[in-house]
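Just below is one structure, and these are the notes that go with it.
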Amino acid sequence: MTDNYNVEVKLLAVTPDAEKLIETAGRLCWDTQDKTGTIPDRIQKWLDVGHESMIEHACATFYIRASRALTHELVRHRLASYSQRSQRYVKETEPKYVEPPEIKENESAH
């Protein structure tokens, strides 16, 4: 069955007080617990010098309903951690797929 996927995205969870968590991680790395300054300024200063590991402590979790092709692009570039519906363990009784218009409109392509 073909399906024109409308991408659906829902925010499920987010790190509360993420900037404070990022600042704490950065201060531990730089041993600057006693320094003053605003949180956004301090974080920006670390990012400006290429110190980005502390931003990985904050996270957001999304539910994304989209085509397998789109999710494969997301996974390939590994910008985050992913849990995806398994094609190995989940039986597809009515599989859906995206059919490009060029193929859909071309009978000889079927």
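Numbering (this note's numbering), first residue to last: 536 to 645. The C-beta atom is built at its ideal place from N, Cα and C for all residues, glycine as well. The structure displayed is predicted, hence computed values, not measured ones.
Assuming the contact rule is C-beta atoms closer than 8 Å, residue i and residue j should be a hit. Round their C-beta distance to whole Å, please.
i    : j    : result
H586 : I557 : At roughly 11 Å, the Cβ-Cβ gap does not stay under 8 Å, so H586 and I557 are not in contact.
A595 : L563 : Their Cβ separation, rounded to whole angstroms, is 22 Å, which puts A595 and L563 out of contact at 8 Å.
A604 : V625 : The Cβ separation is near 18 Å, so there is no contact.
Below 8 Å between beta carbons: does that hold for residue i and residue j?
i    : j    : result
M589 : G572 : no
Kindly indicate the opening and closing residues of the alpha helix (DSSP H) around residue i.
i    : result
D558 : At residue 558 the sequence reads Glu, which differs from the Asp that was named. Element bounds for E558: A553 to W565.
E637 : P636 to K639
E608 : R603 to H612
From residue i to residue j, what distance separates their C-alpha atoms?
i    : j    : result
D569 : I599 : 41 Å
W565 : D552 : 20 Å
V610 : Y617 : 7 Å
With a CB to CB cut of under 6 Å and the five nearest residues on each side skipped, what residues in its chain are close to residue i?
i    : result
A548 : T596
Following the continuous beta strand (DSSP E) through residue i, name the residue where it begins and the one where it ends.
i    : result
R600 : A595 to R600
Closer than 8 Å by C-beta to residue i: which residues in its own chain qualify, once you throw out the five before and the five after it? Chain order, please.
i    : result
H645 : I638
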